[in-house]
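Residue numbers (my numbering): 1079 to 1251.
Heads up, the beta-carbon is just placed ideally off N, CA and C, and yes, glycines get one too.
Written below as C-alpha coordinates is the structure these notes are about.
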(Lines of atoms letter the chains of each structure in order from A and count residues from 1; the text may use other names and numbers.)
(Lines give C-alpha, C1' and ligand atoms only; values in the text may rest on other atoms or scores of the structure.)
Protein backbone atom coordinates (compact mmCIF):
# COMPACT_ATOMS: atom_id res chain seq x y z
CA UNK A 1 0.00 0.00 0.00
CA UNK A 2 2.83 2.43 0.76
CA UNK A 3 4.35 1.83 -2.67
CA UNK A 4 1.09 2.82 -4.31
CA UNK A 5 0.98 6.07 -2.34
CA UNK A 6 4.57 6.93 -3.32
CA UNK A 7 3.82 6.31 -7.01
CA UNK A 8 0.66 8.40 -6.82
CA UNK A 9 2.63 11.20 -5.14
CA UNK A 10 5.04 11.22 -8.09
CA UNK A 11 2.14 11.45 -10.52
CA UNK A 12 0.30 14.29 -8.84
CA UNK A 13 1.16 17.25 -6.68
CA UNK A 14 -1.77 18.72 -4.81
CA UNK A 15 -4.11 16.61 -6.93
CA UNK A 16 -2.93 18.10 -10.24
CA UNK A 17 -1.59 15.57 -12.80
CA UNK A 18 2.07 16.01 -13.84
CA UNK A 19 1.06 16.66 -17.46
CA UNK A 20 -1.08 19.59 -16.35
CA UNK A 21 1.79 21.00 -14.24
CA UNK A 22 4.06 21.41 -17.27
CA UNK A 23 3.89 24.67 -19.18
CA UNK A 24 2.08 24.29 -22.48
CA UNK A 25 4.42 24.55 -25.46
CA UNK A 26 3.89 27.54 -27.71
CA UNK A 27 2.84 26.95 -31.30
CA UNK A 28 6.29 28.10 -32.43
CA UNK A 29 8.01 25.65 -30.07
CA UNK A 30 5.84 22.77 -31.31
CA UNK A 31 6.55 23.71 -34.94
CA UNK A 32 10.29 23.89 -34.25
CA UNK A 33 10.21 20.46 -32.61
CA UNK A 34 8.50 18.97 -35.67
CA UNK A 35 10.87 20.59 -38.17
CA UNK A 36 13.92 18.52 -39.03
CA UNK A 37 16.92 20.64 -39.95
CA UNK A 38 19.71 19.38 -42.18
CA UNK A 39 22.61 21.50 -43.41
CA UNK A 40 24.70 20.56 -46.43
CA UNK A 41 28.19 21.92 -45.70
CA UNK A 42 30.49 22.23 -48.70
CA UNK A 43 34.05 22.71 -47.52
CA UNK A 44 35.08 24.66 -50.62
CA UNK A 45 38.15 25.98 -48.85
CA UNK A 46 39.60 22.46 -48.97
CA UNK A 47 38.57 21.54 -52.55
CA UNK A 48 40.03 21.71 -56.00
CA UNK A 49 37.72 22.78 -58.83
CA UNK A 50 37.16 19.10 -59.75
CA UNK A 51 36.31 18.28 -56.13
CA UNK A 52 33.90 21.21 -56.04
CA UNK A 53 32.10 19.91 -59.13
CA UNK A 54 31.79 16.47 -57.49
CA UNK A 55 30.58 18.04 -54.22
CA UNK A 56 27.85 20.02 -56.01
CA UNK A 57 26.81 16.90 -57.95
CA UNK A 58 26.72 14.82 -54.75
CA UNK A 59 24.67 17.48 -52.93
CA UNK A 60 22.16 17.54 -55.78
CA UNK A 61 21.84 13.75 -55.61
CA UNK A 62 21.21 14.01 -51.86
CA UNK A 63 18.42 16.51 -52.52
CA UNK A 64 16.73 14.01 -54.85
CA UNK A 65 16.55 11.37 -52.10
CA UNK A 66 13.25 11.06 -50.26
CA UNK A 67 13.10 13.26 -47.17
CA UNK A 68 10.99 12.98 -44.06
CA UNK A 69 7.99 15.24 -43.59
CA UNK A 70 8.90 18.60 -42.12
CA UNK A 71 12.56 18.37 -43.16
CA UNK A 72 14.23 21.56 -44.27
CA UNK A 73 17.67 21.87 -45.80
CA UNK A 74 20.19 24.72 -45.74
CA UNK A 75 23.42 25.07 -47.70
CA UNK A 76 26.58 26.34 -46.00
CA UNK A 77 30.04 26.84 -47.47
CA UNK A 78 33.52 27.45 -46.14
CA UNK A 79 35.53 29.40 -48.68
CA UNK A 80 38.67 29.36 -46.55
CA UNK A 81 37.97 32.74 -44.99
CA UNK A 82 34.51 32.37 -43.49
CA UNK A 83 31.45 30.17 -43.26
CA UNK A 84 28.60 31.51 -45.37
CA UNK A 85 24.93 30.58 -45.57
CA UNK A 86 24.30 30.16 -49.30
CA UNK A 87 20.67 29.11 -48.82
CA UNK A 88 18.73 29.35 -45.58
CA UNK A 89 16.54 26.45 -44.45
CA UNK A 90 13.84 25.58 -46.95
CA UNK A 91 11.98 22.56 -48.28
CA UNK A 92 12.10 24.02 -51.82
CA UNK A 93 14.46 21.77 -53.80
CA UNK A 94 14.52 24.22 -56.71
CA UNK A 95 15.91 27.00 -54.47
CA UNK A 96 18.49 24.61 -53.06
CA UNK A 97 19.60 23.51 -56.54
CA UNK A 98 19.94 27.15 -57.64
CA UNK A 99 22.18 27.84 -54.64
CA UNK A 100 24.32 24.82 -55.54
CA UNK A 101 24.57 26.07 -59.15
CA UNK A 102 25.83 29.45 -57.88
CA UNK A 103 28.45 27.71 -55.73
CA UNK A 104 29.64 25.57 -58.65
CA UNK A 105 29.90 28.60 -60.96
CA UNK A 106 31.80 30.80 -58.51
CA UNK A 107 35.42 31.30 -59.65
CA UNK A 108 36.74 31.71 -56.10
CA UNK A 109 34.77 28.83 -54.55
CA UNK A 110 37.57 26.31 -54.86
CA UNK A 111 40.70 27.77 -53.33
CA UNK A 112 42.21 25.23 -50.91
CA UNK A 113 43.34 26.84 -47.64
CA UNK A 114 43.54 24.00 -45.13
CA UNK A 115 41.39 25.81 -42.53
CA UNK A 116 38.69 23.09 -42.40
CA UNK A 117 38.63 22.40 -38.65
CA UNK A 118 38.11 25.98 -37.47
CA UNK A 119 35.53 26.63 -40.17
CA UNK A 120 33.59 23.51 -39.22
CA UNK A 121 33.49 24.70 -35.61
CA UNK A 122 32.08 28.04 -36.79
CA UNK A 123 29.41 26.27 -38.84
CA UNK A 124 28.47 24.16 -35.82
CA UNK A 125 28.19 27.29 -33.66
CA UNK A 126 25.84 28.82 -36.24
CA UNK A 127 23.63 25.74 -36.12
CA UNK A 128 23.80 25.64 -32.33
CA UNK A 129 21.75 28.84 -32.17
CA UNK A 130 18.78 26.95 -33.62
CA UNK A 131 16.49 24.90 -31.38
CA UNK A 132 16.40 21.11 -31.42
CA UNK A 133 18.58 18.44 -32.92
CA UNK A 134 20.18 19.21 -36.26
CA UNK A 135 22.18 17.32 -38.84
CA UNK A 136 25.14 18.48 -40.89
CA UNK A 137 26.40 16.63 -43.96
CA UNK A 138 30.04 17.58 -44.59
CA UNK A 139 30.98 17.24 -48.25
CA UNK A 140 34.76 17.19 -48.69
CA UNK A 141 37.54 18.20 -46.35
CA UNK A 142 39.96 16.15 -44.32
CA UNK A 143 37.41 14.68 -41.92
CA UNK A 144 35.33 13.46 -44.83
CA UNK A 145 38.28 11.40 -46.06
CA UNK A 146 38.48 9.40 -42.85
CA UNK A 147 40.79 11.41 -40.61
CA UNK A 148 39.87 11.70 -36.95
CA UNK A 149 37.80 14.84 -36.26
CA UNK A 150 39.54 17.38 -34.06
CA UNK A 151 38.47 17.27 -30.41
CA UNK A 152 37.29 20.89 -30.60
CA UNK A 153 34.94 20.06 -33.50
CA UNK A 154 33.49 17.10 -31.61
CA UNK A 155 32.91 19.32 -28.57
CA UNK A 156 31.30 22.03 -30.75
CA UNK A 157 28.98 19.45 -32.37
CA UNK A 158 27.94 18.07 -29.00
CA UNK A 159 27.26 21.51 -27.54
CA UNK A 160 25.29 22.56 -30.65
CA UNK A 161 23.24 19.34 -30.66
CA UNK A 162 24.35 18.58 -34.23
CA UNK A 163 24.96 15.13 -35.69
CA UNK A 164 27.75 15.35 -38.28
CA UNK A 165 27.86 13.01 -41.27
CA UNK A 166 30.78 13.16 -43.67
CA UNK A 167 30.99 12.23 -47.34
CA UNK A 168 34.30 11.93 -49.16
CA UNK A 169 33.40 13.58 -52.45
CA UNK A 170 36.47 12.08 -54.13
CA UNK A 171 34.76 8.70 -53.83
CA UNK A 172 31.41 9.90 -55.25
CA UNK A 173 32.14 10.04 -58.98
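Three or more Cβ pairs closer than 8 Å define a contact, and the stretch 1210-1218 falls short of that threshold against the stretch 1172-1187. For residue 1140, no beta strand (DSSP E) encloses it; the enclosing alpha helix (DSSP H) starts and ends at 1127-1142. By alpha-carbon distance to residue 1246, the top candidate from 1114, 1122, 1235 is 1122.
Annotation: the continuous alpha helix (DSSP H) that includes residue 1230 extends over 1229-1238. When C-beta atoms of the stretch 1127-1134 are compared with those of the stretch 1154-1170, fewer than three pairs fall below 8 Å, so the two segments do not count as touching.
If you draw a straight line from the Cα of residue 1230 to the Cα of residue 1204, it is about 15 Å long. Assignment of residue 1114 by DSSP, reduced to helix, strand and coil, places it in the strand class. In this structure, the alpha-carbon of residue 1202 lies about 25 Å from that of residue 1127.
Under the 10 Å beta carbon count, residue 1171 is surrounded by fewer than 16 other beta carbons and is classified as exposed.
For residue 1119, the pairing in a beta bridge is given by DSSP as 1154, 1216.
Beta-bridge partners assigned by DSSP to residue 1244: 1216.
The alpha carbon of residue 1120 has as its nearest neighbour, out of 1234, 1148, 1197, 1206, the alpha carbon of 1197.
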